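Structure first, then comments.
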Amino acid sequence: MKPKKILIITYYWPPAGGPGVQRWLKFVKYLPDFGVQPIVYIPENPTYPIVDENLVQEVSDKAIILKQTIFEPYQLASFLSKNKTKKISSGIIPNQKKQSFLDKTFLWIRGNLFIPDARVFWVKPSVAFLEQYIIENNIDTIITSGPPHSLHLIGLELKQKLDLKWFADFRDPWTTIGYHKSLRLSSFAAKKHKALENKVLNTADTIIVTSKTTKTEFEAITRQPIEVITNGYDTEQVAKQTLDTKFSLAHIGSFLSERNPLILWESLVELTQEIPDFKSHLEIKLIGAVSQEVLETIMHFGLNPYLNNLGYLSHVEAIAQQRKSQVLLLIEIDSEDTKSIIPGKLFEYMVSNRPIIAIGPKDSDFAEIINNTNTGVFLKYSEKMKLKSVILEFYNQFLEGKLQSNGVGLQHYSRKNLTKQLVSLLNKM
4 MKPKKILIIT YYWPPAGGPG VQRWLKFVKY LPDFGVQPIV YIPENPTYPI
54 VDENLVQEVS DKAIILKQTI FEPYQLASFL SKNKTKKISS GIIPNQKKQS
104 FLDKTFLWIR GNLFIPDARV FWVKPSVAFL EQYIIENNID TIITSGPPHS
154 LHLIGLELKQ KLDLKWFADF RDPWTTIGYH KSLRLSSFAA KKHKALENKV
204 LNTADTIIVT SKTTKTEFEA ITRQPIEVIT NGYDTEQVAK QTLDTKFSLA
254 HIGSFLSERN PLILWESLVE LTQEIPDFKS HLEIKLIGAV SQEVLETIMH
304 FGLNPYLNNL GYLSHVEAIA QQRKSQVLLL IEIDSEDTKS IIPGKLFEYM
354 VSNRPIIAIG PKDSDFAEII NNTNTGVFLK YSEKMKLKSV ILEFYNQFLE
404 GKLQSNGVGL QHYSRKNLTK QLVSLLNKM
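Taking our numbering as reference, the numbering of the sequence shown is continuous, increasing by one, and the terminal residue is 432.
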């Protein structure tokens, strides 16, 4: 039998770095094992806020890659301020009280002139190219992955033009994602975002989401089938790591202003004052893009002597740091809108054999995963005393040389198993 051909439309693809690229890079890696030929459509000249050349080596040699030129306003805006453009593109938005006139201008333009996002100019040329390609190659199934959610508009137009099955994959929500409210939207722009979201959700044959909360949220908008396929972990070729000699608490990934966990900094300061020798062992390790507000807060609390800010590392290097750190930090914004967010790094954390301290809003979807897999402790922002107790417990285990995680049921979240779930879903249609 010839393999079933699936056209996957995605923006983030190697050499893009960061979490957005991992989901479909890994699905494409394993789809051929289940009799599916992946055809991946990507921009030829994208503006990626993070680049990781090492990921190019992970692209399956069985995938067919299609590329088309894209025009992005970020390419022009970078002439005014490359740094601000890069941060906004990656979702790092300055605290509202500290936004400069240029910050506010960029955000207003991003939210009101480019709807749903700055990649919207790729929609029309992509539809024209893919319509012909789909007909010539007898493709009957397409998948769009967002954000950027403009890619779902490509799927929408192709669905309206051709007889095919369309799966819309939402790695993150659309109008309820954390940074959406920061875009200084006019009433008109906000309504247009909602209207496009509604049209996509009611036209796609099946919607795929990464969390139960997003599924519930979308069920209020559409009666189309919605399936949950989380992100996951892959088998990584990383050498065995020697654990840090310090009591290292590592945060890996973007550390946004809104994620700034004051209860963590307060707890650490108090423990340095209350516990003999705690300060001599403490290390706060930050890997990835960190907002200026977070760095200023750490300095304000006098924790700078314990800070090791490593900046952005390649995916392989980040995995190595996960496995050598004593404790892994997972911080999510304390908001009703972020309950659905399950950070992709959670699953890599879970198989690192290191305990997780997670802080987030009440009823977070990732709290259930951490609890069910026995991979760490979840705390709400109101639970400072419990947080101090957890840190102290982990610290004492560190001193005894017994600190580790003992996860259960992790195989469910392997990338290959998740790809099997995806193929089962594709075959139902």
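Beta carbons are placed, not taken as given, at the ideal position from N, Cα and C, and that holds for glycine.
This one's a predicted model, so the numbers in the text were calculated from it and none came from an experiment.
Using only alpha-carbon positions, find the residue among F170, P76, L306, L429 that is nearest to V272.
Among F170, P76, L306, L429, the Cα nearest to that of V272 is on L306.
Would DSSP call I336 helix, strand or coil?
The three-state reading of DSSP puts I336 in coil, since its state is none of H, G, I, E or B.
Looking at C-alpha atoms only, which residue of E269, V319, L331 is the closest neighbour of L289?
Nearest Cα to L289 within the set E269, V319, L331: L331.
Is E335 buried or exposed, if buried means 16 or more other CB atoms sit within 10 Å of its CB?
By the neighbour-count rule (16 or more Cβ atoms within 10 Å), E335 is buried.
Using CA atoms only, rank isn't needed, just tell me which of L428, F250, I11, I287 is closest to F401.
Taking only the C-alpha atoms, the option nearest F401 is F250.
Enumerate in chain order the residues of its own chain whose CB-to-CB distance from E134 is below 8 Å, with the five nearest sequence positions on each side excluded.
Only L161, K164, L165 meet the Cβ criterion.
Ordered along the chain, which non-local residues of its own chain (more than five positions away) have a Cβ less than 6 Å from that of E200?
Within the same chain, E200 has close Cβ partners W177, T178.
Is K353 buried or exposed, if buried means 16 or more other CB atoms sit within 10 Å of its CB?
Note that residue 353 corresponds to Met in the displayed sequence, not to Lys. Answer is buried; the Cβ neighbour count reaches 16.
Starting from E230, trace the beta strand (DSSP E) in both directions and tell me its first and last residue.
Looking at the DSSP string, the run of the beta strand (DSSP E) that includes E230 is 229-231.
By a C-beta neighbour count over all protein chains shown, 10 Å radius and 16 as the cutoff for buried, is D366 buried or exposed?
Residue environment: D366 is assigned as exposed (fewer than 16 neighbouring CB atoms within 10 Å of its CB, all protein chains considered).
Just to confirm my understanding: we take V212, look at its own chain, exclude 5 residues before and 5 after, and list those with CB closer than 7 Å. What are they?
Apart from sequence neighbours up to five positions away, the residues of its chain that approach V212 with a beta-carbon distance below 7 Å are F173, K218, F221, I229, V231, ordered along the chain.
Helix, strand or coil, according to DSSP, for Q244 in the structure here?
The answer is coil: DSSP assigns Q244 none of H, G, I, E or B.
Going by beta carbon distance, what residues of the same chain come within less than 6 Å of N312, once the five residues before and after it are set aside?
Correct list, in chain order: L289.
Below 8 Å on the Cβ atoms is my guess for K348 versus I255; work out the distance and round it to an integer in Å.
Going by Cβ atoms, the distance from K348 to I255 rounds to 6 Å, so yes, they are a contact pair.
Which of helix, strand or coil DSSP assigns to Y236:
Y236 falls in the strand class under three-state DSSP.
When G20, L246, L34, T225 are compared against P49, the one with the closest alpha-carbon:
The candidate whose alpha carbon is nearest that of P49 is G20.
Which term fits Q329, buried or exposed, when burial requires 16 or more other beta carbons within 10 angstroms of its beta carbon?
Burial call: buried.
Classify I68 as buried or exposed, calling it buried when 16 or more other Cβ atoms lie within 10 Å of its own Cβ.
Label assigned to I68: exposed.
My assumption, with CB atoms under 8 Å, is that Y15 sits in contact with Y236. Please give the rounded CB distance.
A Cβ-Cβ separation of about 18 Å leaves Y15 out of contact with Y236 under the 8 Å criterion.
Is the Cβ-Cβ distance between L116 and L267 less than 9 Å?
It is not a contact, given that the beta carbons lie outside the stated cut-off.
Does DSSP put T50 in a helix, a strand or coil?
T50: coil per DSSP, three-state reduction.
Just mark D368 as buried or exposed, buried being the case when its beta carbon has 16 or more other beta carbons within 10 Å.
With 16 or more other CB atoms across the displayed protein chains lying within 10 angstroms of its CB, D368 is buried.
Got a sec, what are the start and stop residues for the alpha helix (DSSP H) L10 sits in?
No alpha helix (DSSP H) contains L10, which is instead part of the beta strand (DSSP E) from 7-12.
H196, enclosing alpha helix (DSSP H) - first and last residue:
Element bounds for H196: 190-206.
Pull the bridge partners of N311 from the DSSP assignment, please.
Answer is K288.
Is it true that the CB of L429 sits closer than 9 Å to the CB of K7?
Going by C-beta atoms, K7 is nearer than 9 Å to L429.
Taking the straight line between their C-alpha atoms, what separation do you get for S260 and T216?
So the two alpha carbons sit approximately 23 Å from each other.
Could you give the DSSP three-state label for V451: helix, strand or coil?
Nothing about residue 451 can be read from this structure; the chain reaches only from 4 to 432.
So, for V411: in the same chain, excluding its five sequence neighbours on each side, which residues have a beta-carbon less than 7 Å away from its beta-carbon?
The answer, listed in chain order, is T376, N377.
For G379 and S408, which I take to be in contact (beta-carbon distance under 8 Å), what is that distance rounded to the nearest angstrom?
Confirmed, about 7 Å.
Nearest-angstrom Cβ-Cβ length linking T225 and L252, presumed shorter than 8 Å:
Contact between T225 and L252 does not hold, since their C-beta atoms are separated by about 41 Å, which reaches or exceeds 8 Å.
On the premise that D64 lies in contact with P18, defined as a C-beta separation below 8 Å, what is that separation, rounded to the nearest angstrom?
Not quite, the Cβ-Cβ distance comes to about 17 Å (not below 8 Å), so this is no contact.
Smallest Cα separation from S190: which of V393, V62, I118, N374?
Per the Cα distances, I118.
Can you tell me the Cβ-Cβ gap for T210 and L395, rounded? I've got them flagged as a contact below 8 Å.
The question names Thr, but residue 210 in the sequence shown is Ile. No, I210 and L395 are not in contact; Cβ-Cβ is about 44 Å, not under 8 Å.
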